[in-house]
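Q: 0 is the number of the first residue of the sequence shown in numbering that gives the first Met the number 0; add one for each residue after it. Structure below; questions to follow.
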Amino acid sequence: MYIPIQEVIEVLPIIEEIIPEVVEVGPNFGAMGAGIGAGIVAIGAGIGIGKIGAATAESIARQPEATDDIRTSSIILAAFIEGVALFGVVVTLLIAIA
Numbered sequence: 000m001y002i003p004i005q006e007v008i009e010v011l012p013i014i015e016e017i018i019p020e021v022v023e024v025g026p027n028f029g030a031m032g033a034g035i036g037a038g039i040v041a042i043g044a045g046i047g048i049g050k051i052g053a054a055t056a057e058s059i060a061r062q063p064e065a066t067d068d069i070r071t072s073s074i075i076l077a078a079f080i081e082g083v084a085l086f087g088v089v090v091t092l093l094i095a096i097a
């Protein structure tokens, strides 16, 4: 997409007037965004662990003799998902504090 420089230069004074108003409201949006981010991380982790649980149940039903190996693998995968979710929550908390 081509944007002529002249149009950008014409819009700059309008943007300079709007920016101070946005900065005054900014911290409230940061805290709200951090809360939304933490919620999205929790939902993603829940979906991931739910899929692991479903796949584990199906795998054990198909091969009951491999129950121990399947269970161990699913616990390790769930721990990895929880680790990623923990990092996501920590990042959102750092955003909220900053």
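All C-beta atoms in this analysis are idealised placements derived from N, C-alpha and C, irrespective of residue type, glycine included. As the structure is a prediction and not an experimental result, all values here were calculated from the model.
Excluding the five sequence neighbours on either side, which residues of its own chain have a C-beta within less than 8 Å of the C-beta of residue 34, listed in chain order?
A: 91 and 95.
Q: Assuming residue 69 contacts residue 80 (C-beta within less than 8 Å), just tell me the rounded distance between them.
A: Actually they do not touch by this definition, with Cβ atoms about 16 Å apart.
Q: Alpha carbons only, please: which of 55, 37 and 28 is nearest the one belonging to residue 83?
A: 37
Q: Comparing C-alpha positions only, which one of 73, 9, 46 and 31 sits nearest to residue 57?
A: 73
Q: Could you compute how far the alpha carbon of residue 48 sits from the alpha carbon of residue 40?
A: 12 Å
Q: Classify residue 44: buried if its beta carbon has 16 or more other beta carbons within 10 angstroms, exposed otherwise.
A: By the neighbour-count rule (16 or more Cβ atoms within 10 Å), residue 44 is buried.
Q: Please report how far the alpha carbon of residue 64 lies from the alpha carbon of residue 29, in whole angstroms.
A: 51 Å
Q: Hey, would you say the C-beta of residue 67 is under 7 Å away from at least one heavy atom of the ligand PLP?
A: Ligands displayed in this structure: none; no statement on the ligand PLP is therefore possible.
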